[in-house]
Amino acid sequence: MAAPVLCRLCPGRRWSLAYINRGSRHETGTPTGSRSSGKRGQSSGVQQPLITAEKPRKGEHEWAAVVGLEIHAQISSNSKLFSGSQVHFAAPPNSLVSFFDASLPGTLPVLNRRCVEAAVMTGLALNCRINKKSLFDRKHYFYADLPAGYQITQQRLPIAVNGSLAYSVFVGKKPSQLINKTVRIKQIQLEQDSGKSLHDDRRSQTLIDLNRAEGQLRVDANISVHHPGEPLGVRTEVKNLNSARFLAKAIDYEIQRQINELENGGEILNETRSFDYKLGCTVPMRDKEGKQDYRFIPEPNLPPLLLYDSVSLPAGADPQQVIDIDQIRKRLPELPSVTREKLIQQYGMLPEHSLTLLNEAGLLEFFQNVMKETRAEPKKVTSWVLNTFLGFLKQQNLAVSESPVTPSALAELLNLLDRKAISSSAAKQVFEELWRSKGKTPAHIVSEKELGLLQDRETLEQLCQATMEEHPQVVMDMKKGNPRAINKLIGLVRKATLSRADPTVIKEILEKKL
Numbered sequence: 001m002a003a004p005v006l007c008r009l010c011p012g013r014r015w016s017l018a019y020i021n022r023g024s025r026h027e028t029g030t031p032t033g034s035r036s037s038g039k040r041g042q043s044s045g046v047q048q049p050l051i052t053a054e055k056p057r058k059g060e061h062e063w064a065a066v067v068g069l070e071i072h073a074q075i076s077s078n079s080k081l082f083s084g085s086q087v088h089f090a091a092p093p094n095s096l097v098s099f100f101d102a103s104l105p106g107t108l109p110v111l112n113r114r115c116v117e118a119a120v121m122t123g124l125a126l127n128c129r130i131n132k133k134s135l136f137d138r139k140h141y142f143y144a145d146l147p148a149g150y151q152i153t154q155q156r157l158p159i160a161v162n163g164s165l166a167y168s169v170f171v172g173k174k175p176s177q178l179i180n181k182t183v184r185i186k187q188i189q190l191e192q193d194s195g196k197s198l199h200d201d202r203r204s205q206t207l208i209d210l211n212r213a214e215g216q217l218r219v220d221a222n223i224s225v226h227h228p229g230e231p232l233g234v235r236t237e238v239k240n241l242n243s244a245r246f247l248a249k250a251i252d253y254e255i256q257r258q259i260n261e262l263e264n265g266g267e268i269l270n271e272t273r274s275f276d277y278k279l280g281c282t283v284p285m286r287d288k289e290g291k292q293d294y295r296f297i298p299e300p301n302l303p304p305l306l307l308y309d310s311v312s313l314p315a316g317a318d319p320q321q322v323i324d325i326d327q328i329r330k331r332l333p334e335l336p337s338v339t340r341e342k343l344i345q346q347y348g349m350l351p352e353h354s355l356t357l358l359n360e361a362g363l364l365e366f367f368q369n370v371m372k373e374t375r376a377e378p379k380k381v382t383s384w385v386l387n388t389f390l391g392f393l394k395q396q397n398l399a400v401s402e403s404p405v406t407p408s409a410l411a412e413l414l415n416l417l418d419r420k421a422i423s424s425s426a427a428k429q430v431f432e433e434l435w436r437s438k439g440k441t442p443a444h445i446v447s448e449k450e451l452g453l454l455q456d457r458e459t460l461e462q463l464c465q466a467t468m469e470e471h472p473q474v475v476m477d478m479k480k481g482n483p484r485a486i487n488k489l490i491g492l493v494r495k496a497t498l499s500r501a502d503p504t505v506i507k508e509i510l511e512k513k514l
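Residue numbers for the sequence shown, in the UniProt record's numbering: 1 to 514.
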């Protein structure tokens with residue numbers, strides 16, 4: 001109860017469908033249906049669809065789908081939104097419950113400053129307009145996990161509105177096929193969390209834990225389908241999706257289910273559904289309540305939430321008693337889109353490479369630490385980090401933080417490669433040894449396994465001469481201009497040196513001798 005929750009409402013976007021294909025052309029649509037009910041007091045928002053149109057395949061009916069997401073995100077705070085009870089994941093049931101959480105008579109809510117600051121920061125990060133005045137409301141419904149009989153939320157005037165989130169996605173099979181998209185954010189609101197129902201099927205009873213309900217993220221998806229040019233369809237809401245993978249599966253299944261139902265002469269009910277991840281399908285939960293069922297009223301125990309900026313801040317105001325939007329803006333960390341652009345500009349990196357660096361937890365920091373300690377070109381560092389290093393991580397199913405190879409070790413290896421102390425193939429051998437033998441340095445491995453390039457030019461010239469004499473036909477082919485001939489000679493020389501000769505130097509010597 002009263003745990004801090006941010007609700008981020010993403011207006012619907014439209015899919016044009018033959019087989020649930022996602023389009024890209026956006027236009028403004030009209031709202032779909034009535035305001036969604038949330039599961040036992042979760043706040044929600046009207047879908048405002050973004051339309052994308054795709055040409056249907058020949059012989060197929062054209063359908064468009066509208067999807068709106070209601071995202072519940074847990075705020076990282078030490079205490080709950082309206083009480084001083086601690087927030088601790090996996091605490092024993094009902095061990096973190098204050099008198100207010102239990103809805104004892106006479107208890108009053110006290111707003112958590114940290115949660116307000118987090119909501120403002122989230123709004124700024126999502127390009128929202130921050131309302132300097134926002135209001136709290138009571139949303140009435142009756143369920144065992146909400147002993148007060150109402151939930152405190154922000155129905156009329158939320159803390160932030162009208163934002164957007166730009167993102168990039170890969171399309172097709174080639175990594176270079178990257179497109180940019182934007183999703184609109186309708187609003188961000190602070191909302192009290194309900195308790196958690198624990199169903200005991202064996203005893204046919206339900207137990208209630210008033211510590212808090214959810215983990216770090218929960219999503220409700222509102223979905224409808226219609227023929228382009230016709231009124232928007234009746235929508236369903238799929239509740240409590242807790243992973244991006246399940247969210248995608250639930251949306252795709254529900255879109256196809258609705259299309260099949262309509263094409264077979266059925267109708268879509270305005271209902272709440274859940275996603276059965278074991279069966280991979282959605283199942284009905286209950287009919288949806290209308291907006292009027294919640295009987296929203298202003299929260300009488302909380303005054304309007306007033307925020308300020310550098311212009312409106314009262315003179316002599318105590319910084320501990322007010323929240324300054326501009327001060328929070330200064331504390332806002334660098335956003336991923338800004339970081340990606342910096343990587344592209346500073347290192348000449350491809351957009352898809354910058355995206356991968358940011359998408360893998362800890363990988364950007366690893367890359368930056370390698371860059372600080374190596375003289376190698378950024379392009380070569382990028383290749384080693386994204387191909388070799390990341391490839392080894394994925395093979396072993398390890399996180400970046402679990403890697404046996406440190407940024408310093410990779411930087412040292414790349415320095416050896418950069419000054420031509422070792423060959424590319426030898427560098428890969430050294431990396432494999434670093435991965436297997438934690439604690440060894442690249443220089444030690446090179447010395448131990450005698451992987452250093454031969455630096456004695458006179459010795460290399462003698463080897464090249466001996467190889468040419470042993471293979472006169474290859475030399476003849478080379479003189480005739482056969483480009484494969486010189487590569488074969490280079491390979492023979494390198495084989496004689498156990499791959500310790502630089503191919504560039506070998507080629508230079510061979511061409512000089514001819």
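The beta-carbon is built from N, C-alpha and C at its ideal position, and this holds for glycine as well.
Could you tell me the distance, in whole angstroms, from the CA atom of R257 to the CA atom of V97?
Here residue 257 corresponds to residue number 257 of the sequence shown, with the count starting at 1. Here residue 97 corresponds to residue number 97 of the sequence shown, with the count starting at 1. Going from the Cα of R257 to the Cα of V97 covers about 42 Å.
How would you call K480, buried or exposed, if buried means at least 16 neighbouring beta carbons within 10 angstroms?
The residue labelled residue 480 in the question sits at position 480 within the sequence shown. With fewer than 16 other Cβ atoms within 10 Å, it is exposed.
Taking the C-alpha atoms as reference points, what is the distance between E508 and A485?
By one-based count along the sequence shown, residue 508 stands at place 508. By one-based count along the sequence shown, residue 485 stands at place 485. Computed Cα separation, rounded: 14 Å.
Counting pairs of beta carbons, one from the segment 153 to 168 and one from the segment 207 to 221, are three or more of them closer than 8 Å?
With a cut-off of 8 Å on Cβ pairs, the segment 153 to 168 is not in contact with the segment 207 to 221, counting fewer than three such pairs.
Using DSSP with H/G/I as helix, E/B as strand and the rest coil, what is Q154?
If you number the sequence shown from 1, residue 154 lands on position 154. In the structure shown, Q154 sits in coil (DSSP, three-state: anything other than H, G, I, E or B).
If you draw a straight line from the C-alpha of N264 to the C-alpha of T272, how long is it?
Position 264 of the sequence shown, counted from the start, is the residue given in the question as residue 264. Position 272 of the sequence shown, counted from the start, is the residue given in the question as residue 272. Rounded to the nearest angstrom, the two C-alpha atoms are 22 Å apart.
State yes or no: is the C-beta of T382 within less than 9 Å of the C-beta of H353?
Within the sequence shown, the letter at position 382 stands for residue 382. Within the sequence shown, the letter at position 353 stands for residue 353. Yes.
Just reading off the beta strand (DSSP E) that Q189 is part of, what are its end residues?
Walking along the sequence shown from the start, residue 189 turns up at place 189. From DSSP, the beta strand (DSSP E) with Q189 extends over L178 to Q192.
Determine the direct distance from the alpha carbon of N359 to that of F170, and round the result to whole angstroms.
On the sequence shown, residue 170 is found 170 positions in, with the first residue counted as 1. On the sequence shown, residue 359 is found 359 positions in, with the first residue counted as 1. Spanning the alpha carbons of F170 and N359 requires a straight line of approximately 13 Å.
Who pairs with N222 in a beta bridge, going by DSSP?
As a first step, residue 222 must be located in the sequence shown, where it is residue number 222. In the DSSP assignment, the residues bridged to N222 are G68 and E237.
I need the straight-line Cα distance from A160 to L332, nearest angstrom please.
Position 160 of the sequence shown holds residue 160. Position 332 of the sequence shown holds residue 332. Taking the straight line joining both Cα atoms gives about 16 Å.
Buried or exposed for Q189, going by 16 or more other Cβ atoms inside 10 Å?
Indexing the sequence shown from 1 puts residue 189 at position 189. Buried: at least 16 other Cβ atoms inside 10 Å.
Hey, L241 and S194 are a contact pair by Cβ (cut 8 Å); roughly how many whole angstroms apart?
Position 241 of the sequence shown, counted from the first residue, corresponds to residue 241. Position 194 of the sequence shown, counted from the first residue, corresponds to residue 194. Incorrect: roughly 17 Å between the Cβ atoms, too far for contact.
Taking C-beta to C-beta, are R301 and P109 nearer than 9 Å?
Here residue 301 refers to the residue found at position 301 of the sequence shown. Here residue 109 refers to the residue found at position 109 of the sequence shown. One detail in the question is off: residue 301 reads as Asn in this sequence, not Arg. Contact: yes.
Using DSSP bridges, identify the partner residues of H140.
Position 140 of the sequence shown, counted from the start, is the residue given in the question as residue 140. Answer is Y150, bridged to H140.
Which value, in whole angstroms, describes the spacing of the CA atoms of K278 and V219?
Residue numbering aside, residue 278 sits at position 278 when the sequence shown is read from its first letter. Residue numbering aside, residue 219 sits at position 219 when the sequence shown is read from its first letter. K278 and V219: Cα-Cα distance of roughly 18 Å.
Could you say if the segment 432 to 440 and the segment 401 to 410 meet the contact criterion of at least three C-beta pairs nearer than 8 Å?
They touch, by the three-pair rule.
When the Cα of V66 is compared with those of A426, Q320, A221 and I323, which residue comes out closest?
To locate residue 66, count along the sequence shown from 1; it is residue 66. Ranking the options by Cα distance to V66, first place goes to A221.
Between the segment 75 to 90 and the segment 308 to 328, do three or more beta carbon pairs fall short of 8 Å?
no
When DSSP labels each residue in this structure, what does Q346 get in the three-state scheme?
Numbered from its first residue, the sequence shown carries residue 346 at position 346. Helix, per DSSP.
Since S204 contacts K239 with CB under 8 Å, what's their CB separation in whole angstroms?
Position 204 of the sequence shown holds residue 204. Position 239 of the sequence shown holds residue 239. About 23 Å separates the two Cβ atoms, so there is no contact after all.
How is the alpha helix (DSSP H) around H199 delimited, first residue to last?
Locating residue 199 in the sequence shown gives position 199, counting from the first residue. Not the alpha helix (DSSP H): H199 falls in the beta strand (DSSP E), residues K196 to D200.
Using only the alpha-carbon positions, how far apart do Q455 and I75 sit?
Stepping through the sequence shown from its first residue, residue 455 is reached at position 455. Stepping through the sequence shown from its first residue, residue 75 is reached at position 75. Going from the Cα of Q455 to the Cα of I75 covers about 60 Å.
Around the Cβ of R129, are there at least 16 other Cβ atoms within 10 angstroms (buried) or fewer (exposed)?
Here residue 129 refers to the residue found at position 129 of the sequence shown. The residue is exposed, with fewer than 16 neighbouring Cβ atoms inside 10 Å.
State the Cα-Cα distance for the pair L364 and M371, rounded to the nearest angstrom.
Here the question's residue 364 lines up with position 364 in the sequence shown. Here the question's residue 371 lines up with position 371 in the sequence shown. For L364 and M371, the distance between alpha carbons rounds to 11 Å.
With a floor of 4 residues, list each alpha helix (DSSP H) that falls wholly inside the UniProt domain "Asn/Gln amidotransferase" (365 to 514), ordered by position along the chain.
378 to 383, 390 to 396, 407 to 418, 424 to 436, 442 to 448, 457 to 470, 472 to 479, 483 to 496 and 503 to 513
Could you tell me which residues DSSP puts in a beta bridge with K249?
Working through the sequence shown from its first residue, we reach residue 249 at position 249. K249 is not bridged to any residue.
Rounded C-beta distance between I152 and Q187? I'm assuming under 8 Å.
Position 152 of the sequence shown, counted from the first residue, corresponds to residue 152. Position 187 of the sequence shown, counted from the first residue, corresponds to residue 187. So it is not a contact: roughly 16 Å between Cβ atoms.
Count the other C-beta atoms from every protein chain shown that fall within 10 angstroms of the C-beta of K55, then say buried if there are 16 or more, exposed otherwise.
The count along the sequence shown starts at 1 and reaches residue 55 at position 55. Note that K55 scores 43 on pLDDT, short of 50, meaning its location in the model is unreliable; the coordinates nonetheless yield the value given after this. When all chains shown are included, K55 counts as exposed.
Let me make sure I understand the geometry here. Which of P304, S197, L207 and V225 has the alpha-carbon closest to that of L135?
Taking the first residue of the sequence shown as 1, we reach residue 135 at position 135. Closest by alpha carbon: P304.
Which whole runs of the beta strand (DSSP E) in the segment 86 to 129 are 3 residues long or more, in chain order?
none
Where C281 and G491 are concerned, what is the direct C-alpha to C-alpha distance, given to the nearest angstrom?
As a working note, residue 281 is residue 281 in the sequence shown. As a working note, residue 491 is residue 491 in the sequence shown. Cα to Cα, C281 sits roughly 57 Å from G491.
Buried or exposed: M468, going by 16 or more other Cβ atoms within 10 Å of its Cβ?
Translated into positions along the sequence shown, residue 468 becomes position 468. Per the 10 Å Cβ criterion, buried.
Taking DSSP's pairing of strands, which residues face R164 in a bridge?
As a working note, residue 164 is residue 164 in the sequence shown. Looking at the sequence itself, residue 164 is Ser, so the reference to Arg does not match. R184.
Just to confirm the assignment, what range does the alpha helix (DSSP H) spanning L358 have?
What you label residue 358 is simply residue 358 of the sequence shown in a count that begins at 1. Taken as a continuous stretch (DSSP letters only), the alpha helix (DSSP H) holding L358 covers P351 to N359.
Would you decide whether S85 is buried or exposed? Buried here means 16 or more other CB atoms lie within 10 Å of its CB.
Counting from 1 along the sequence shown, the entry for residue 85 is found at position 85. By the beta-carbon neighbour count (other beta carbons within 10 angstroms, threshold 16), S85 is buried.
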